[in-house]
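In what follows, a structure is listed as structure tokens, so that the remarks can point back to it.
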Amino acid sequence: MAELPEWSVFDANAAPVLPEHADRPGRLVVVVATTKAQEDSWAINATVDIAKSWSEAGRRVVLADTVLGAPTLHECLQTDNTEGVTDTVLFGSSVRHVAKQTDLGGFFFITAGTAAADPAAVLASERWARLSRGFVEAGVTLVTYIGSKSDGKSVLLDMATDVVLLVRSTEDAWSALDGTPAPIRAVMGPAATTSSDMPPLDDMAGALDPLEAVEEEEVDDDFAEPVHPAPEATIIGASRAGGAPAAHGSRRSALLVLILLSLGIVGAASLGWVQIPGISPERTSPPVEQGLTPAPRSTLPTVTTTTLAYSVAIGSFQDPDVAATRAAAISGMPGIVLSVVPVMIDGTVFYRLLAGPAVDSASAEELADRIAAETGADRTGWLVRETPLAFLLEQTADIGSATARIDELRGLDVPAYLLAVDFSDGGTAYRVYAGAYADEREASYLLTHLETQGLDNATLSPRRGRLP
């Protein structure tokens, strides 16, 4: 059984440290969240923060929601629960199709997917085991999120190289881990105390009102069964006056203890450790329901730029040089990205000359009209194509670095181009894309070429952005 680290307060800026292995940089990290840690979506937010932190530290991260029975992780990432883990295992969906790049630091996310009748069987399948090994062998850090009571948890823990436990400080950590032999890298939880961790109000009444506690103690003494009824009855019957001093002394001691306790609580309240109206200092932040302060959560920026789903197909050529020459003839037009996109059809490779990008088909038609008007070309044979997908090769905050990367990629015969993306926090990043396709099948030829050139981290994703 693995050693259990000491519980600590979760810090979004200090993710658990994973070991470095030069010969096998990939990891399979299982993040287990207890029922209480899942309250108020705390656990899913913390899991996303962990994945984001590891990604920003330079790891290639894929986050998968393996709570197949009741998935929620997609809600934190503001996306739909589309094809995901279940579809990959049961229906053969490609990992490259279901893994979508997020807008939170560049890591990829796989949803839980189609509801499974037996989630544990899906996670115990040979296909899921093979896919997980594939990620690790490729140097990817696969982060799987699972609830402590979710079906399939024990299967994931048996496969894990590392475990992170999200648990509140008052819970039993060991019971959530099923005796996993995998190293437990961190045991973390929110800083705030929740109402479920507090004793019932009835139990606190005596501490907050010492006089009431004394009254209750006196009532209890009068009506309680004596511990040793026979001797006690004999003593009281023999001399009632003789027994009185002892009783009063006992009650004076109890009263003294309760008074000291109440003074301690009042002192704690004055320091802000306990909230008592009229005593505790006012908080600078507005009160939260039930007087509780929620654990801090990072507000993660999201992409506000729309998907560029259409292009104008100006021509299709078997000779890439002809396509490049045709592109050069109209490359000087402002507000247009020209790209030569390879696609294999019935064993033959064609090079499509695409102009764009456009948000919708109407915008693409307007773009085609403008190109034809400015070049004097006949647009009769031009087609408006739906091309929402492209290979995202890089994202950077520096447009100069992005432009230099495009030059490098073009030297590898990769049809790369630049788009800018805007974020909800006002920031802007620059993405290097390659290709423009309707689906995974169309993109398969370029994918093979990218992998041949050593670009095996390229993933087909929605083409979002604007012209810089």
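Just so we're on the same page, the working numbering is the position in the sequence shown counted from 1, plus 424.
The beta-carbon is built from N, C-alpha and C at its ideal position, and this holds for glycine as well.
Using the Cα positions of residue i and residue j, report the straight-line distance between them to the nearest angstrom.
{"i": "residue 528", "j": "residue 821", "result": "13 Å"}
{"i": "residue 505", "j": "residue 781", "result": "27 Å"}
{"i": "residue 472", "j": "residue 501", "result": "8 Å"}
{"i": "residue 736", "j": "residue 788", "result": "6 Å"}
{"i": "residue 825", "j": "residue 844", "result": "13 Å"}
{"i": "residue 760", "j": "residue 779", "result": "6 Å"}
{"i": "residue 809", "j": "residue 762", "result": "14 Å"}
{"i": "residue 871", "j": "residue 878", "result": "11 Å"}
{"i": "residue 437", "j": "residue 460", "result": "22 Å"}
{"i": "residue 487", "j": "residue 557", "result": "15 Å"}
{"i": "residue 600", "j": "residue 593", "result": "13 Å"}
{"i": "residue 463", "j": "residue 475", "result": "20 Å"}
{"i": "residue 434", "j": "residue 771", "result": "54 Å"}
{"i": "residue 455", "j": "residue 546", "result": "18 Å"}
{"i": "residue 823", "j": "residue 800", "result": "33 Å"}
What is the residue span of the beta strand (DSSP E) that residue i lies within?
{"i": "residue 783", "result": "Element bounds for residue 783: n/a, residue is neither H nor E."}
{"i": "residue 765", "result": "761-769"}
{"i": "residue 852", "result": "852-861"}
{"i": "residue 739", "result": "734-741"}
{"i": "residue 531", "result": "From DSSP, residue 531 is part of no beta strand (DSSP E); its letter is neither H nor E."}
{"i": "residue 463", "result": "Segment: none, residue 463 is in no beta strand (DSSP E) and carries neither H nor E."}
{"i": "residue 820", "result": "813-820"}
{"i": "residue 846", "result": "840-846"}
{"i": "residue 489", "result": "485-489"}
{"i": "residue 430", "result": "That residue, residue 430, is in no beta strand (DSSP E); it is neither H nor E in DSSP."}
{"i": "residue 457", "result": "451-457"}
Quick check on residue i: buried or exposed, where buried means 16 or more other Cβ atoms within 10 Å of its Cβ?
{"i": "residue 518", "result": "exposed"}
{"i": "residue 769", "result": "exposed"}
{"i": "residue 612", "result": "buried"}
{"i": "residue 573", "result": "exposed"}
{"i": "residue 834", "result": "exposed"}
{"i": "residue 451", "result": "buried"}
{"i": "residue 469", "result": "buried"}
{"i": "residue 614", "result": "buried"}
{"i": "residue 566", "result": "buried"}
{"i": "residue 669", "result": "Residue placement at residue 669 cannot be trusted, given a pLDDT of 42 that sits under 50; what the coordinates show is reported in the next sentence. Exposed, since its Cβ has fewer than 16 Cβ neighbours within 10 Å."}
{"i": "residue 629", "result": "Per-residue confidence for residue 629 stands at a pLDDT of 40, beneath the threshold of 50, marking its modelled position as unreliable; no derived number is given."}
{"i": "residue 818", "result": "buried"}
{"i": "residue 554", "result": "exposed"}
{"i": "residue 604", "result": "buried"}
{"i": "residue 836", "result": "exposed"}
Beta-carbon within less than 8 Å of residue i's beta-carbon, same chain only, minus the 5 sequence neighbours each way: which residues are those?
{"i": "residue 649", "result": "Here residue 649 scores only 38 on pLDDT, less than 50, and its place in the model is too uncertain to base an answer on."}
{"i": "residue 499", "result": "465 and 468"}
{"i": "residue 847", "result": "527, 725, 726, 727, 728 and 853"}
{"i": "residue 830", "result": "840, 841, 842 and 856"}
{"i": "residue 885", "result": "524, 525, 813, 814, 815 and 816"}
{"i": "residue 609", "result": "429, 440, 441, 442, 453, 586, 587 and 588"}
{"i": "residue 431", "result": "591, 593, 597, 611, 612 and 613"}
{"i": "residue 538", "result": "507, 508, 510, 511, 514 and 515"}
{"i": "residue 478", "result": "439, 442, 485, 531, 565 and 567"}
So, are the CB atoms of residue i and residue j less than 9 Å apart?
{"i": "residue 858", "j": "residue 839", "result": "yes"}
{"i": "residue 588", "j": "residue 440", "result": "yes"}
{"i": "residue 816", "j": "residue 882", "result": "yes"}
{"i": "residue 489", "j": "residue 533", "result": "yes"}
{"i": "residue 520", "j": "residue 832", "result": "no"}
{"i": "residue 493", "j": "residue 548", "result": "no"}
{"i": "residue 575", "j": "residue 544", "result": "yes"}
{"i": "residue 552", "j": "residue 522", "result": "no"}
{"i": "residue 569", "j": "residue 457", "result": "yes"}
{"i": "residue 732", "j": "residue 597", "result": "no"}
{"i": "residue 491", "j": "residue 571", "result": "yes"}
With a threshold of 6 Å on Cβ separation, who are the neighbours of residue i within its own chain once the five nearest residues in sequence on each side are excluded?
{"i": "residue 814", "result": "857, 859, 860 and 887"}
{"i": "residue 747", "result": "741, 764, 775 and 777"}
{"i": "residue 602", "result": "578 and 581"}
{"i": "residue 792", "result": "736, 803 and 806"}
{"i": "residue 873", "result": "none"}
{"i": "residue 495", "result": "489, 505 and 536"}
Between which two residues does the alpha helix (DSSP H) harbouring residue i extend?
{"i": "residue 744", "result": "744-753"}
{"i": "residue 583", "result": "577-583"}
{"i": "residue 543", "result": "543-547"}
{"i": "residue 558", "result": "550-561"}
{"i": "residue 510", "result": "509-514"}
{"i": "residue 829", "result": "823-834"}
To which residues of the same chain is residue i closer than 7 Å at the C-beta, ignoring the five residues directly before and after it?
{"i": "residue 869", "result": "766, 767, 768 and 773"}
{"i": "residue 563", "result": "449, 450 and 484"}
{"i": "residue 757", "result": "795 and 798"}
{"i": "residue 595", "result": "458 and 460"}
{"i": "residue 730", "result": "783 and 888"}
{"i": "residue 890", "result": "729, 843 and 844"}
{"i": "residue 606", "result": "426, 581, 584, 585, 586 and 587"}
Spell out whether any CB of chain D is found under 9 Å from the CB atom of residue i.
{"i": "residue 491", "result": "Going by chain labels, chain D is absent from the structure shown, which holds only one protein chain."}
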